[in-house]
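Here is the structure we will look at, set down as structure tokens.
Residue numbers (full-length UniProt numbering): 1 to 221.
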């Protein structure tokens, strides 16, 4: 007797439908969104952001330690290989290596200072103050010549927290009448008191003077 093809097709369709329903149920039970829409990440908050910065700092420290160990091993192997060569070649190679190390260090410092000034624009009243109060030796230039922008931003934020008088004054949007147009774009930096000066270093006082934060004390405003 020939097989009823309609019955077979209905059975296969029913099996496929049941399997799809089971898969959908499993997805819903697992808590995954049925539509495949991305899940919004919650705001970390200040505490979460600080923890994230600390975690990244720890990871960078571990990476730096591993890199230092690898460089030390490479240097040791190079030294062993160099010792097998004539003394004249050894001396020449060491001179070249020292010159390259000095050149690289100078170039890296120049890159770091430039990147630090760029990162401080809009955040410090005088971006050059970043180089006075932040040690560029705390940062590294990657093999590709890039600097971790997040590290620089964090350092500037910490500097502003510790020395708020270095921060750029808030920009004021013009909202007055027509006769106030001459004052548009002019903002007065926060003025310091004698009490503030007593807690500052000589370099900080000079920076504050450049930023116009001593104008009231000097009687120029």
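Positions of the beta carbon are idealized from the N, C-alpha and C atoms, including for glycine.
Among the options, nearest to residue i - alpha-carbon criterion
i, options, result
"residue 164", "201, 132, 124 and 48", "124"
"residue 129", "204, 50, 219 and 45", "204"
"residue 188", "167, 200, 194 and 199", "167"
"residue 156", "147, 137, 213 and 116", "116"
Local conformation of residue i per DSSP, three classes
i, result
"residue 125", "coil"
"residue 274", "Outside the shown range of the chain (1 to 221) lies residue 274, about which nothing can therefore be said."
"residue 210", "helix"
"residue 167", "strand"
"residue 136", "helix"
"residue 188", "coil"
"residue 202", "helix"
"residue 176", "Residue placement at residue 176 is poorly supported in this model, since its pLDDT is 49, which falls under 50; the coordinates are not used for a value here."
Presumed contact (8 Å Cβ cut-off) between residue i and residue j, rounded CB distance
i, j, result
"residue 139", "residue 152", "7 Å"
"residue 120", "residue 53", "18 Å between Cβ atoms; not a contact."
Euclidean distance between Cα positions of residue i and residue j
i, j, result
"residue 63", "residue 135", "20 Å"
"residue 69", "residue 127", "35 Å"
"residue 74", "residue 107", "22 Å"
"residue 92", "residue 111", "29 Å"
"residue 113", "residue 80", "36 Å"
"residue 55", "residue 47", "12 Å"
"residue 145", "residue 218", "45 Å"
"residue 50", "residue 149", "16 Å"
Neighbourhood of residue i by C-beta, 8 Å cutoff - its chain only, sequence neighbours within 5 removed
i, result
"residue 161", "none"
Cβ shell of residue i (< 6 Å), same chain only, five flanking positions each side left out
i, result
"residue 210", "126"
Cβ shell of residue i (< 7 Å), same chain only, five flanking positions each side left out
i, result
"residue 212", "189"
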